């Protein structure tokens with residue numbers, strides 16, 4: 001695990017605790033050592049001071065006894081001796097106690113040598129003092145004085161000098177003890193300073209190590225963030241740290257890998273969108289082809305409407321022929337009044353046929369009325385189709401015009417039939433005058449019946465054709481509107497997809513991925529083009545021209561009426577796409593009778 005496995009807080013607290021412990025250890029050791037040195041110095045100093053005090057006291061007592069002994073030696077009689085004898089003895093005993101006390105104390109070699117010297121001199125002084133006393137006691141004063149002056153006083157002076165030397169030696173030792181104590185305290189203080197210096201150096205070293213251990217992962221994280229900001233996602237992060245910075249680097253590595261995966265997926269999706277846009281464009285081409293097919297169907301429908309127009313014209317011609325034949329039949333009936341007695345039964349049949357003809361004319365009138373309604377509906381649907389239904393509007397207008405004329409012709413025929421009935425009734429009265437011509441009337445009526453049958457068949461054909469045309473127009477109009485909306489929506493979607501794909505490519509182009517991610521993007525971007533189903537081109541029926549009709553139809557074909565102004569184009573509701581792009585479409589519609597094809601979108 002090592003130090004890299006410790007948390008930053010643990011490292012900081014451990015470092016602070018170690019520093020505090022080291023400072024406390026140095027302070028405690030320094031204080032204890034200083035206190036020991038001070039106590040030891042004070043004890044030694046007290047001992048030396050006591051030794052100085054004892055030596056000084058010993059010197060004073062010695063000088064007192066020396067003065068007393070000298071007084072005894074110089075005095076006449078025994079009075080002085082008697083008065084100083086006991087004090088001298090007591091002082092000598094006191095001096096002996098002081099000497100023993102000094103000898104019992106810890107002494108240096110110099111002290112011991114000096115004490116030996118003092119002891120020897122004291123012994124000599126005592127011997128000389130006793131010798132002088134004995135001489136004086138024996139009455140030999142001169143001998144006693146001579147011993148005192150020649151031997152005792154010099155020895156006493158040496159003895160006192162040795163004591164003074166002892167005092168000076170102890171004073172010197174006292175000064176040395178003070179100097180040694182101060183020197184040791186100074187050395188201890190220096191040791192404390194050295195220890196603190198070592199601790200400060202350790203603090204700097206530990207701080208540098210902590211700063212480096214913090215700066216390195218932060219620098220690595222900063223470099224990674226900078227590379228990510230520049231779009232470089234190919235960085236590889238490796239760390240063996242288990243602290244907060246290790247967790248940060250692991251999180252940054254996970255973020256980098258996740259971002260690289262996301263960018264790789266976005267690139268793959270962008271390529272797929274580009275492929276889908278191309279396929280949508282292909283679908284738009286297919287829709288354009290189907291729109292052209294729809295245009296062909298509309299042209300075929302226009303041709304069918306032309307054929308229906310010719311049929312209606314033929315019906316009108318037949319109606320006019322029937323009207324002429326009816327007039328001829330009326331004339332023949334007038335001439336055949338002479339033979340009325342022979343054709344009474346025939347006249348009754350003619351009367352019944354006339355009534356049937358009236359009913360048929362009513363049927364024709366109803367058919368013309370329904371044709372007019374169907375043409376009106378076709379015109380309404382063409383108006384709803386707008387520009388695309390302008391040709392249908394023209395055709396519907398022509399159909400309505402022809403239906404109106406058919407109705408008028410039927411009304412005229414009905415009037416003529418009514419007149420014929422009246423004339424037949426009159427002819428019944430004049431049947432005696434119509435004998436010879438009645439056969440001609442019968443033949444004329446049969447011809448009228450044939451012509452009326454042809455008119456009926458043509459009207460039925462016209463009705464069925466118009467119904468089919470109406471249904472075809474509705475289907476084609478619905479399909480055209482759906483195709484138009486689909487093409488607009490597809491074009492808008494394709495344009496939006498293309499723009500979004502370009503923007504996404506530009507957005508993700510700044511990112512740099514690793515080799516593995518790049519290979520993944522290349523494999524995911526392999527296009528899989530689906531073959532759009534293409535409808536086979538539709539071949540509509542050829543347009544029927546007026547040349548295909550019979551001569552009667554060509555003769556009876558009226559001039560086309562002027563086209564009415566088309567109704568306002570109903571707007572197609574816009575397709576709600578994501579990109580909200582509505583492409584501009586141009587629509588051009590040619591009249592039904594023109595030679596140009598329709599162009600849409």
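Residue numbers (the numbering used here): 1 to 601.
All C-beta atoms in this analysis are idealised placements derived from N, C-alpha and C, irrespective of residue type, glycine included.
For clarity, every value in this text was computed on a predicted model and none was experimentally measured.
Under the assumption that residue i contacts residue j (Cβ atoms under 8 Å), give the Cβ distance between them as a whole number of angstroms.
i	j	result
residue 392	residue 403	Not a contact, Cβ separation roughly 16 Å.
residue 385	residue 396	Residue 385 to residue 396, Cβ: 11 Å. No contact.
residue 148	residue 73	5 Å
residue 501	residue 229	Actually they do not touch by this definition, with Cβ atoms about 25 Å apart.
residue 494	residue 277	5 Å
residue 354	residue 417	6 Å
residue 33	residue 175	23 Å between Cβ atoms; not a contact.
residue 280	residue 486	In fact, because the Cβ distance is near 11 Å, the residues do not count as touching under 8 Å.
residue 451	residue 314	Going by Cβ atoms, the distance from residue 451 to residue 314 rounds to 11 Å, so no, they are not a contact pair.
residue 257	residue 8	At roughly 25 Å, the Cβ-Cβ gap does not stay under 8 Å, so residue 257 and residue 8 are not in contact.
If you measure between the beta carbons of residue i and residue j, is that distance less than 9 Å?
i	j	result
residue 122	residue 91	no
residue 407	residue 466	no
residue 469	residue 301	yes
residue 358	residue 414	yes
residue 480	residue 399	no
residue 61	residue 95	yes
residue 162	residue 114	yes
residue 213	residue 505	no
residue 462	residue 373	no
residue 237	residue 252	yes
residue 108	residue 151	no
residue 328	residue 444	yes
residue 19	residue 199	yes
By Cβ distance below 6 Å, which residues in the same chain neighbour residue i in space, the five residues on each side in sequence not counted?
i	result
residue 537	Note that residue 537 has pLDDT 47, beneath the 50 cutoff, so the model's placement of it is unreliable and no number is given.
residue 156	66, 125
residue 318	451, 454, 455
residue 80	71, 72
residue 559	Note on residue 559: pLDDT 42, under 50, position unreliable in the model; no value is reported.
Name the residue from the options whose alpha carbon lies nearest to the alpha carbon of residue i.
i	options	result
residue 361	227, 411, 44	411
residue 195	63, 34, 23, 18	23
residue 491	408, 130, 288	288
residue 17	99, 202, 158	202
residue 271	503, 29, 10	503
residue 483	284, 223, 212, 497	284
residue 145	70, 497, 216	70
residue 25	88, 191, 138	191
residue 421	349, 255, 83	349
residue 224	187, 254, 209	254
residue 58	365, 13, 119	119
residue 304	464, 364, 154	464
residue 405	388, 371, 390	371
residue 210	84, 13, 387	13
residue 208	15, 460, 474, 419	15
residue 306	388, 380, 286, 394	394
residue 89	110, 64, 79	64
residue 85	390, 130, 231	130
residue 264	282, 286, 231	231
residue 153	227, 204, 132	132
residue 111	262, 164, 419, 460	164
Kindly list the residues whose CB is nearer than 7 Å to the CB of residue i, restricted to its own chain and excluding five residues on each side of it in sequence; keep chain order.
i	result
residue 51	102, 105, 170
residue 177	41, 44, 45, 48
residue 604	The question about residue 604 has no answer here: the residues shown for the chain are numbered 1 through 601.
residue 143	135
residue 447	325
residue 220	249
residue 54	98, 101, 102
residue 547	Reliability of the predicted coordinates at residue 547 is poor, the pLDDT of 40 falling under 50, and no value is obtained from them.
residue 363	none
residue 555	A caution first: residue 555 carries a pLDDT of 40, below 50, which makes its placement in the model unreliable, though a value can still be read off. Nothing meets the Cβ criterion.
residue 594	For residue 594, the predicted structure reports a pLDDT of 43, less than 50, and the residue's modelled location is therefore unreliable. A value from the coordinates is still provided. Cβ within range, chain order: n/a, list empty.
With a CB to CB cut of under 8 Å and the five nearest residues on each side skipped, what residues in its chain are close to residue i?
i	result
residue 38	181, 185
residue 56	167
residue 269	504
residue 365	407, 410, 411, 414
residue 93	none
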